[in-house]
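Working notes, structure below.
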Amino acid sequence: MNWLVKTFSRRHNWSIPYLIFLLIFVVLPMILIVYYAFHDADGNMTLRNFTKFISNAEAANTFVYSIGIAIITTLLCILLGYPAAYILSNSELCRSKVMVVLFILPMWINILVRTLATVALFDFLSLPLGEGALIFGMVYNFLPFMIYPIYNTMQKMDHSYIEAAQDLGASPMKVFTKVMVPLSMPGVMSGVMMVFMPTISTFAIAELLTMNNIKLFGTTIQENINNGMWNYGAALSLIMLVIIFATNLFSDEDDTSTTNEGGII
Amino acid sequence: MKKFFAQTYLWLLLAMLYAPILIIAIFSFTEAKVLGNWTGFSTKLYTSLFSGGVHHSLLTAIENTFIIAIISAAVSTLLGSIAAIGIFNLHHKKKMVMNTLNNIPMLNPDIITGISLFLLFVSLGITQGYTTVVLAHITFCTPYVVLCVMPRLQQMNPNIYEAALDLGATPMQALRKVLIPELKPGMISGFILAFTLSIDDFAVTIFTIGTEGLETLSTYIYADARKGGLTPELRPLSTIIFATVLLLLIVINIRSARNKKQSNA
Amino acid sequence: MKDSNFIIELNHISKRFGDKVVLDDVSLFVKKGEFVTILGPSGCGKTTLLRILAGFGTASEGEIRIAGEQMTDIPPHLRPVNTVFQRYALFPHLNVYDNIAFGLKLKKVKADEIDMRVRRALKMVGMTDYEWRDVNSLSGGQQQRVAIARAIINQPQVLLLDEPLAALDLKMRKDMQMELKQMHKELGITFVYVTHDQEEALTLSDTIVVMSEGRVQQIGTPIDIYNEPSNAFVADFIGESNILNGTMIKDKAVSFLGHEFECVDKGFGENTPVDVVIRPEDIYIMARTDSGMFNGVVQSCIFKGVHYEMTVNTAEGYEIMIQDYNAFEAGQEVSMIIKPSDIHVMKKERLCNSFDGVMVDSTHVEILGASFVCAEQADIEGGEKVKVEVAFEKIELMDNKDDGVVEGDVRFILYKGDHYHLTIRTENGDNLYVNTCDVWDDRDIVGIKIQPEDLKITKA
Chain A
3 MNWLVKTFSR RHNWSIPYLI FLLIFVVLPM ILIVYYAFHD ADGNMTLRNF
53 TKFISNAEAA NTFVYSIGIA IITTLLCILL GYPAAYILSN SELCRSKVMV
103 VLFILPMWIN ILVRTLATVA LFDFLSLPLG EGALIFGMVY NFLPFMIYPI
153 YNTMQKMDHS YIEAAQDLGA SPMKVFTKVM VPLSMPGVMS GVMMVFMPTI
203 STFAIAELLT MNNIKLFGTT IQENINNGMW NYGAALSLIM LVIIFATNLF
253 SDEDDTSTTN EGGII
Chain B
50 MKKFFAQTYL WLLLAMLYAP ILIIAIFSFT EAKVLGNWTG FSTKLYTSLF
100 SGGVHHSLLT AIENTFIIAI ISAAVSTLLG SIAAIGIFNL HHKKKMVMNT
150 LNNIPMLNPD IITGISLFLL FVSLGITQGY TTVVLAHITF CTPYVVLCVM
200 PRLQQMNPNI YEAALDLGAT PMQALRKVLI PELKPGMISG FILAFTLSID
250 DFAVTIFTIG TEGLETLSTY IYADARKGGL TPELRPLSTI IFATVLLLLI
300 VINIRSARNK KQSNA
Chain C
19 MKDSNFIIEL NHISKRFGDK VVLDDVSLFV KKGEFVTILG PSGCGKTTLL
69 RILAGFGTAS EGEIRIAGEQ MTDIPPHLRP VNTVFQRYAL FPHLNVYDNI
119 AFGLKLKKVK ADEIDMRVRR ALKMVGMTDY EWRDVNSLSG GQQQRVAIAR
169 AIINQPQVLL LDEPLAALDL KMRKDMQMEL KQMHKELGIT FVYVTHDQEE
219 ALTLSDTIVV MSEGRVQQIG TPIDIYNEPS NAFVADFIGE SNILNGTMIK
269 DKAVSFLGHE FECVDKGFGE NTPVDVVIRP EDIYIMARTD SGMFNGVVQS
319 CIFKGVHYEM TVNTAEGYEI MIQDYNAFEA GQEVSMIIKP SDIHVMKKER
369 LCNSFDGVMV DSTHVEILGA SFVCAEQADI EGGEKVKVEV AFEKIELMDN
419 KDDGVVEGDV RFILYKGDHY HLTIRTENGD NLYVNTCDVW DDRDIVGIKI
469 QPEDLKITKA
């Protein structure tokens, strides 16, 4: 008992319970994914799960298709979201903070509810469900996740950079391309992370938006896990993790905390 | 002129973002089975949602969702606050390690968190159900609590804990009389955020909920949507969820705005 | 030692964070009722020392006694000391009254006694009628008073003050200094005061402890420390000084500024390199005459309120600072006289840099955590331990840190009349001493290079 009191009288040791929790519920499960991916159902070490993925045309196709959809969704989100973030952060164009909240609000609604709402909208307008609905649904679902980090970066940007550029003789266009765009890149990058990643990993969304006609990679993983193919599912998860890790390296943005803070504005 | 275009653009985007939700909300006030048919104003869907006229399981799902959310949010708040104090007092390298570990659940796509926890529970031979869902929710909620409490710690005068000890308080007394009152705003925001995240979750829940017939709102909606039809009662339900989330977010925002003002004073 | 009249005894205290030595064998004895100031630049270890006294940190080595009681491992809440923190550390969620009563409430003192004592403490710090105010609504000075009241109400044997006035403006600071001194007299308890402000230290203290780089440089009364600084650091840090390289020719004769002077110091030996310190007000300046000891031309003249501060270039090429009530315009030719008793001669702490190193191979030696190219060493094997000496002038500093073999930053700058003597801290925490004519600023990051032939290597 005494050593316990002594241990916890030093405040940095208060992180120990959480460290243990993280080790059990975050680190160990991740290790398990790797373990399952490289073993077969009988517990023998194998690479079969990966060869199965490569040789299985359907799974590989779904994988490539998902990446394609994710890229299109991400690009559309940048295209639509960047100007919106720019306007929102520019006090001359948009003075009201309420606007910002309105853009961020949908982020907090259950993704299934949002997806069902999209389905309802397409029904209401009697548009067919399919690839178009899928892309619309994805953009609709993830656009706020693009706008928010970009807005955040622009908001925190020191206004004197822009004034300095003007002072040095840059035209408004040049100010935008030479100062605004490069300085807002970190925001765009974390936006890309927050859109690209969920788009390839979501399941259920695609089924609902396409009446089960189009499958994305997330769905494939989920189906395998549901059907008891844990090892294969784990291998597919690992492949997804590698892709995400690669995008993470590519975007070179470790400062996600700015986009995840509790306070919304 | 420029401002006009900017404003128009923003409103168009908002229209796109809110159209699906609005349609659901509007058609929650009519009786028609098929969405899009307006058969006159009625609150029958609302009454039938709560009178139990619909499936009993929907009410159970709602109840489960809230109980799980309250337990997970409470435990996450406790665990996360203590952890935040610990992490804040760690030194460089250890602090970085803890922050990285804390970021993993936030960076991981939900499906990975879900599958990895699923593998953990099956590997340990734990029957999945209430407990596993709660544990899973604590796993992805706690990092956000840590992020909510951390800024309070950073703003806090680093000496006030020591001042309490200096004036004769034992570490426990210092925690109770000085640290907790100081961190309370962050803890409350963290609790609300964790609560919202838990209610909202679908992907992690579905992998950890097991096959014992336990349902939360998300899994209920999912199962319902997969059956092909949208239960009409989901329309008032979605509307209520949207309104609740709206309310909670407004509360969080007002709180964080007030905190900012206070700390600036 | 139990019955000694020292209230605080610090015996050989050392503190390390990893490899970094923050306190190096500090010993300090404080008499009951004394006002002791620990003075030093930021990062000298003074705050760490105070925290060890209060119990917020533990010493890596050494022993602490307060009032004769062994305190080394006693947690802060059981020590008979109270602290006034640098940024007050008032509890923001409590009002003035509850802040001050905090300690007494923990001790379960009766409510009416708490009431009486809080009022008395408030009166003492001149804050009567402020009980119910929110602490966030108080000015810096008022918060400081509440912090002091909160500490002294517990009747500690020792009051620790960690730069308590640093956040106040100049006028406020002067007033508070007087009040602190008054309070010290009334309370009769021991004050240990930490500051980087030498003027504050000179004004307030009975005893000053000058610290630098984790070590005690000098302990003495304000007058001793000002008049008889024990080394170049203390001389530079306390008041203003001309610090020059000199040579002790024999007892009572020293040469510097290119001239030979009579002095009162002895016992340094013959032809020994020394540091010479002369306070700017101790140099007598007059229009050019033949009776001066040395001559020069006024470079600049600034009015400082009471006196004029002049920079004079001597005929021999040195630059010295002089304070005098009479002004001599820039460009004027002047003569100077220094009295023997105003020349302070100090032993040099070191004559060159010396490092412990290891031979990598016959042309490379590892020192400062990096491998330097050296002249070929025929008789020393690779892997053998060696001693490496480098003259102050022979270390090259590069603007671009990547141009050097190792990187460091400028920690301390001493102007020595015709060159700067810099202390450079390398990434590994080693200190290098460099003489240079180039101007560097505090905390500049530099690259460090040494020519192979300038590394003097001997077997350890």
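Residue numbers (our numbering), protein chains in the order written: chain A, 3 to 267; chain B, 50 to 314; chain C, 19 to 478.
Glycine included, every Cβ here is placed at the ideal spot set by N, Cα and C.
Note that the coordinates shown come from a computational prediction; the quantities given were computed from them, not determined experimentally.
Under 8 Å between C-beta atoms of residue i and residue j
i                  : j                  : result
Ile-134 of chain B : Leu-196 of chain B : no
Val-424 of chain C : Thr-441 of chain C : no
Glu-337 of chain C : Gly-435 of chain C : yes
Arg-461 of chain C : Asp-417 of chain C : no
Ile-70 of chain C  : Thr-76 of chain C  : yes
Leu-177 of chain C : Phe-209 of chain C : yes
Ala-223 of chain B : Leu-232 of chain B : no
Asn-100 of chain C : Val-153 of chain C : no
Gly-264 of chain C : Val-272 of chain C : yes
Ile-355 of chain C : Cys-281 of chain C : no
Asn-302 of chain B : Val-103 of chain A : yes
Val-295 of chain C : Ala-250 of chain C : yes
Ile-113 of chain A : Leu-218 of chain A : no
Ala-122 of chain B : Phe-244 of chain B : yes
C-alpha gap between residue i and residue j, whole angstroms
i                  : j                  : result
Ile-160 of chain B : Ile-385 of chain C : 53 Å
Phe-178 of chain A : Phe-144 of chain A : 25 Å
Val-234 of chain C : Val-39 of chain C  : 13 Å
Ala-64 of chain B  : Phe-115 of chain B : 31 Å
Thr-268 of chain B : Met-221 of chain B : 42 Å
Ile-73 of chain A  : Ser-125 of chain B : 35 Å
Leu-251 of chain A : Val-212 of chain C : 47 Å
Thr-117 of chain A : Val-164 of chain C : 58 Å
Ala-218 of chain B : Lys-144 of chain B : 27 Å
Ala-61 of chain A  : Thr-222 of chain A : 7 Å
Thr-79 of chain B  : Ser-97 of chain B  : 12 Å
Under 7 Å by beta carbon: chain A residues contacting residue i
i                  : result
Gly-259 of chain B : Here the premise fails: no neighbours, minimum Cβ distance about 12 Å.
Any non-hydrogen atom of the ligand GDP closer than 7 Å to residue i Cβ
i                  : result
Ala-396 of chain C : This structure lacks the ligand GDP, and indeed carries no ligand of any kind.
Interface partners of residue i on chain C, CB under 9 Å
i                  : result
Ile-120 of chain B : Ordered by position in chain C, no residue passes the 9 Å Cβ test against Ile-120 of chain B, which lies about 28 Å from the chain.
Partner residues on chain C for residue i, Cβ-Cβ distance less than 8 Å
i                  : result
Pro-200 of chain B : Per Cβ cutoff of 8 Å: no residues; Pro-200 of chain B is ~15 Å from chain C at best.
Cross-chain neighbours of residue i in chain B, by beta carbon under 9 Å
i                 : result
Leu-81 of chain A : Those within 9 Å of Leu-81 of chain A in chain B number zero; the least Cβ separation is about 11 Å.
His-95 of chain C : Ala-213, Leu-214, Asp-215, Leu-216, Gly-217, Ala-218, Thr-219, Pro-220, Gln-222 and Ala-223
Interface partners of residue i on chain C, CB under 7 Å
i                  : result
Val-227 of chain B : Phe-109
Ile-209 of chain B : Ala-107 and Phe-109
Residue-chain proximity (residue i, chain C), Cβ-Cβ < 8 Å
i                  : result
Ala-212 of chain B : yes
Gln-27 of chain B  : There is no way to answer for residue 27 of chain B, as the model of chain B reaches only from 50 to 314.
Pro-192 of chain B : no
Ile-230 of chain B : According to the sequence displayed, residue 230 of chain B carries Pro and not Ile. Interface residue, yes.
Asn-206 of chain B : yes
Ala-314 of chain B : Model confidence at Ala-314 of chain B stands at a pLDDT of 43, short of 50, so the residue's coordinates are unreliable and nothing is read from them.
C-beta neighbour in chain B for residue i, strict 8 Å
i                  : result
Ala-119 of chain A : yes
Met-115 of chain A : The sequence given here has Val at residue 115 of chain A, not Met. Yes, contact with chain B.
Leu-186 of chain C : no
Gln-157 of chain A : no
Val-328 of chain A : What the structure shows of chain A is the stretch from 3 to 267, and residue 328 of chain A is not part of that stretch, so it cannot be assessed.
Leu-13 of chain C  : Since the first residue of chain C shown is 19 and the last is 478, residue 13 of chain C is not available in this structure.
Trp-232 of chain A : yes
Interface residues of chain B facing residue i [CB-CB closer than 8 Å]
i                 : result
Trp-16 of chain A : Ile-131, Ala-132, Ile-134, Gly-135 and Asn-138
Beta carbon proximity, residue i to chain A, threshold 8 Å
i                 : result
Lys-52 of chain B : yes
Tyr-95 of chain B : no
Met-4 of chain B  : With chain B represented from 50 up to 314, any question about residue 4 of chain B goes unanswered, as that position is not in the structure.
Interface partners of residue i on chain A, CB under 9 Å
i                  : result
Met-147 of chain B : Ser-17, Tyr-20, Leu-21 and Leu-24
Contacts of residue i in chain B (Cβ-Cβ under 7 Å)
i                  : result
Met-101 of chain A : Leu-59
Quick one: complete alpha helix (DSSP H) runs, 4+ long, within the stretch 264 to 348 of chain C? none
Just to confirm the assignment: which complete alpha helix (DSSP H) runs, minimum length 4, are found wholly within the stretch 26 to 109 of chain A? Whole alpha helix (DSSP H) segments, 4+ residues: 30 to 39, 50 to 57, 59 to 91 and 99 to 106.
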